[in-house]
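Participant:
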Ligand SMILES: Cc1cc2nc3c(=O)[nH]c(=O)nc-3n(C[C@H](O)[C@H](O)[C@H](O)COP(=O)(O)OP(=O)(O)OC[C@H]3O[C@@H](n4cnc5c(N)ncnc54)[C@H](O)[C@@H]3O)c2cc1C
């Protein structure tokens, strides 16, 4: 065989290999011609792969014979969550020339998608399994850090919404504050949230328009949790909610002014932030930190143990720094626990579920909406110093998880009023305006524990409008994560449900909406929320129609550390543990058996502020 034929053969092979890869990556002709002479671990060229982070992304990698020379991402990851990872991780991979870079806990989907995309491209470039394994094993070298000891007036553990509210409140009271955060950035679950924050501006025009009041908010919160919540704390939550919104506005956070009913919120009183998801809270917190130097953030620092002085008062925290070094932080005033819940601690949630037997199982087969670091660390640390844990078995699931990941990404609903849930038979099965536990328990009874959200184009007139998680309907449809059709029959076909049943289900539902012969009447499942806030929901009848598949997912843990009205942590005898305060999802006993949608963000701001103020006031 002449050399020229060999060259053609290898060129063809390289081109074919690239064209037939699953992710559709094709090398440029320059790369193909270089391929003939490559002798290293890669076939030089440019390769691309499509992967799914929070949204679909395209990863394009250029390699020479032995190294990555460029990585480009086309993505629409959320600003403040996935976007910074999309910015930094390719640089880290390039610098390391390896794949063992750190996954960012608050953006695991984005991190994993980038790594998957780059790995795919390297495989397209001819990297063998051994090479990939070697690249995955390469970790960035970190210089071992020394053990360190700090002292602050107030020490806060956890940089989610409750922790940052506490820290800034204590700083506003003139204290210097240290915040320990186990991940590399602030946010926790709060930044991933839909941003819906229940608050009533009592007596305002908006409240009047919806027959809403603080009294109704208290009643629904208390009764919605089967009267198991502490009524004193429920009252504080609801009475101080609007102050919390005003405080966030003073810190620079924007709200649209629109109120809506979030799933399981029972009433249109959720305030909608102007920025996507929970990012608005952290833009505001960060701008406070930029202008004030009295709050010091210790990232990549995991608190392990609360320190107690000779009088039994909590006086500091022992933690582990990024390189395994010991970090000790002493508090002159108080210590605030704000480490969030335990939805990602499978062992703990299974044990807690044994108490109530509320859910058939909470083992690893049930995914979670939560960030990976939400593992109940604060609850475990507090119990070790005698804190009383209450209502640990009250665990909330949502029926709205992504079938692959359990996250709320791809959740197409905007507000309760404009959508229904149907099962795989095309039938409604529950009051979609009711309690979260009732909806999810009903979903467990359906085939494959699977349902679809179904709605029409009222909320998405062009498809370019965003859902509550920063995604456009069009992008979800393109990625195959939502269905779109001009008729209900076509929609049913895409969903794989019987068209006749789906059509009949929707006809029946529409009779209760504006203009229907049963308008305003409760339906067979007890649903009363039909009209949207403008009273305009005329039912599901405007093409195009949309649907998205969803499954149960562990969302919120209502049990935790018991606190009183000053956010002081109590022991089993109801006595205050001096020096220890707690706020947010780490606490228990406020929401009872079932937290209303939109009440958790209220909780973290209201009790975060109380905990910060109490910790600042406390002296040993
Ligand atoms: C996807 C999603 C959507 C949601 N949407 C809404 C909504 O729209 N409205 C609503 O009201 N509620 C919503 N919720 C619930 C709400 O977001 C949470 O209950 C709330 O944000 C919890 O805030 P937190 O400050 O208590 O904890 P988090 O925000 O979770 O913060 C806890 C922080 O502590 C850190 N930490 C943990 N352990 C340690 C340790 N040992 N040392 C140092 N740091 C540690 C974590 O890394 C984290 O940063 C949603 C939740 C999720 C997951």
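Residue numbers (the working numbering): -8 to 611. Here a beta-carbon is modelled for each residue, glycine too, at the ideal position from N, C-alpha and C. Everything numeric in this text was worked out from a predicted model, so none of it was measured.
#1: Under 8 Å by Cβ, that's how I've got residue 58 and residue 171 pegged, so tell me the actual separation to the nearest angstrom.
#2: Quick one: what's got a C-beta closer than 8 Å to residue 306's C-beta in the same chain, skipping five residues either side?
#3: Comparing C-alpha positions only, which one of 132, 74, 133, 406 sits nearest to residue 100?
#4: Return the CA-CA distance between residue 397 and residue 584, expressed in angstroms with no decimal places.
#5: Between residue 529 and residue 505, is the Cβ-Cβ spacing less than 8 Å?
#6: Tell me the start and end of each unbroken alpha helix (DSSP H) in the stretch 398 to 451 that is at least 4 residues and wholly inside, in chain order.
#7: Helix or strand or just coil, what does DSSP make of residue 312?
#8: Take residue 98 as the anchor and find which of 365, 164, 343 has the nearest alpha-carbon.
#9: In the DSSP assignment, find the unbroken beta strand (DSSP E) run with residue 65 in it and report its ends.
#10: Please determine, among 178, 130, 126, 52, the residue with the shortest C-alpha to C-alpha distance to residue 71.
#11: Would you mind stating whether residue 439 and residue 384 have Cβ atoms separated by less than 8 Å?
#12: So, under 8 Å CB-CB, residue 593 and residue 245 are touching, yes? Tell me the CB distance rounded to an integer number of Å.
#13: Less than 8 Å between the beta carbons of residue 573 and residue 554, yes or no?
#14: Apart from the five residues on each side of it in sequence, which residues of its chain come closer than 6 Å, Cβ to Cβ, to residue 14?
#15: Just to confirm, is the Cβ distance from residue 419 to residue 496 under 8 Å?
#16: Nearer than 7 Å: is that true of the beta carbon of residue 105 relative to any heavy atom of ligand 1?
#17: Between residue 160 and chain D, is there a C-beta pair that is closer than 8 Å?
#18: Taking the Cβ atom as the reference point for each residue, do residue 133 and residue 388 lie within a distance shorter than 8 Å?
#19: If distances are taken between C-alpha atoms only, which option among 395, 403, 498, 452 comes closest to residue 444?
#20: Where does residue 102 land, buried or exposed, given buried means 16+ other C-beta within 10 angstroms?
#21: Excluding the 5 residues flanking residue 279 on each side, which residues of the same chain have their C-beta closer than 7 Å to its C-beta?
#22: So does residue 173 have its beta carbon nearer than 7 Å to some heavy atom of ligand 1?
#23: Can you give me the Cβ contacts of residue 123 inside the same chain, cut-off strictly under 8 Å, excluding the 5 residues immediately before and after it?
#24: Mind reading off the beta-carbon distance from residue 382 to residue 215? Whole number of angstroms is fine, and I expect it under 8 Å.
#25: Among 265, 167, 586, 578, which residue has its Cα nearest to the Cα of residue 598?
#26: Start and end of the beta strand (DSSP E) containing residue 81?
#27: Quick one: give me the first and last residue of the beta strand (DSSP E) that residue 536 is part of.
#28: For the stretch 149 to 165 against the stretch 48 to 55, do three or more pairs of beta-carbon atoms, one drawn from each stretch, fall closer than 8 Å, so that the two count as touching?
#29: Closest by CA to residue 549, which one among 332, 415, 413?
#30: Quick one, which of 136, 168, 486, 252 has its alpha-carbon nearest residue 149's?
#31: Note down the Cα distance separating residue 330 from residue 31, rounded to an integer number of angstroms.
#32: Under the assumption that residue 118 contacts residue 33 (Cβ atoms under 8 Å), give the Cβ distance between them as a whole number of angstroms.
#33: Let me check understanding here. Comparing Cα to Cα, which of 339, 196, 187, 226 lies closest to residue 205?
#34: Starting from residue 598, trace the alpha helix (DSSP H) in both directions and tell me its first and last residue.
#35: For residue 233, which three-state DSSP category applies?
#36: Below 8 Å on the Cβ atoms is my guess for residue 286 versus residue 162; work out the distance and round it to an integer in Å.
Facilitator: Let me spell this out:
#1: Actually they are not in contact, since the Cβ atoms of residue 58 and residue 171 sit about 38 Å apart, beyond 8 Å.
#2: 298, 299, 300, 321, 322, 326, 570, 611
#3: 74
#4: 22 Å
#5: Yes, Cβ-Cβ distance for residue 529 and residue 505 is below 8 Å.
#6: 427 to 435
#7: coil
#8: 365
#9: Element bounds for residue 65: 59 to 65.
#10: In terms of Cα proximity to residue 71, the closest of 178, 130, 126, 52 is 178.
#11: no
#12: Not a contact, Cβ separation roughly 17 Å.
#13: A contact, by the Cβ cut-off of 8 Å.
#14: Because the pLDDT at residue 14 is just 30, under 50, the model does not fix this residue reliably, and the point stays unresolved.
#15: yes
#16: no
#17: Of the protein chains in this structure there is only one, and it is not chain D.
#18: no
#19: 403
#20: Classification of residue 102: buried, given that the 10 Å Cβ count is 16 or more.
#21: 159, 242.
#22: yes
#23: Answer for residue 123: 90, 110, 113, 114, listed in chain order.
#24: Contact flag wrong, Cβ pair sits at about 14 Å.
#25: 578
#26: Unbroken run through residue 81 is the alpha helix (DSSP H), 73 to 87; no beta strand (DSSP E).
#27: 536 to 548
#28: no
#29: Answer by Cα proximity: 332.
#30: 168
#31: 48 Å
#32: 6 Å
#33: 226
#34: 590 to 608
#35: helix
#36: 5 Å
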